[in-house]
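Visitor:
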Amino acid sequence: MSSGSWSHEVAANVPAGRLFKAAMLDWHNLGPKIVPDFIASGSVVSGEGAVGSIREIKISNNEYKLITFDLAVT
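Here my numbering is used: position 54 in the sequence shown is 72, and no number is missing along the way.
(1) For residue 71 and residue 64, which I take to be in contact (beta-carbon distance under 8 Å), what is that distance rounded to the nearest angstrom?
(2) Compare the Cα-Cα distances from residue 54 to each of 76, 31 and 25 and report the closest residue.
(3) DSSP three-state call for residue 58: helix, strand or coil?
(4) Have a look at residue 45 and residue 31 and give me their C-alpha separation to the nearest angstrom.
(5) What residues in its chain sit with their C-beta under 7 Å from that of residue 48, if we drop five residues either side in the sequence?
(6) Over what stretch of residues does the beta strand (DSSP E) that includes residue 76 continue unbroken?
(7) When we look at the beta-carbon of residue 57 and count the other beta-carbons within 10 Å, is it buried (16 or more) or exposed?
(8) Take residue 59 as the anchor and find which of 68, 66 and 73 has the nearest alpha-carbon.
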């Protein structure tokens with residue numbers, strides 16, 4: 019298991035709460051629409067989107083076919 023962090027600031031004409039929800043909490047739905055050549059599909063394996071929820075992202079045409087991750091807020 020590994021951990022890391024990154025930071026990136028973006029100016030947007032969208033309220034911060036809505037942008038956070040789309041980029042972090044709803045990525046499993048948004049990703050396949052934005053980059054369909056890279057992300058085949060996404061789904062929630064367990065949970066309701068809160069801390070401890072597990073999402074599954076299926077990658078298309080790539081060396082890695084499946085990524086499963088657990089959202090943890092520290």
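Each residue gets a CB set at the ideal place from its N, CA and C atoms; glycine is no exception.
All figures in this text were calculated on a predicted structure; none of them were measured in a lab.
Guide: Inspection of the coordinates gives the following:
(1) Translated into the one-based positions of the sequence shown, residue 71 becomes position 53. Translated into the one-based positions of the sequence shown, residue 64 becomes position 46. Going by Cβ atoms, the distance from residue 71 to residue 64 rounds to 7 Å, so yes, they are a contact pair.
(2) Position 36 of the sequence shown, counted from the start, is the residue given in the question as residue 54. Residue 54 has its Cα closest to that of 76, out of 76, 31 and 25.
(3) The residue you call residue 58 lines up with position 40 of the sequence shown. DSSP places residue 58 in strand when its eight states are reduced to three.
(4) Mapped onto the sequence shown, residue 45 falls at position 27. Mapped onto the sequence shown, residue 31 falls at position 13. Going by the C-alpha atoms only, they are around 19 Å apart.
(5) For the purposes of this step, residue 48 is taken as residue 30 along the sequence shown, with counting starting at 1. Setting aside the 5 residues that flank it on each side, residue 48 is surrounded in the same chain by 40, each with a C-beta closer than 7 Å to its C-beta; the list follows chain order.
(6) Along the sequence shown, read from residue 1 onward, the residue named residue 76 stands at position 58. It spans 72-77 - the beta strand (DSSP E) in which residue 76 sits, taken as one unbroken run.
(7) Counted from its first residue, the sequence shown places residue 57 at position 39. Residue 57 comes out buried.
(8) Residue 59 sits at position 41 when you count from the first residue of the sequence shown. Of the candidates 68, 66 and 73, the one whose C-alpha sits nearest the C-alpha of residue 59 is 73.
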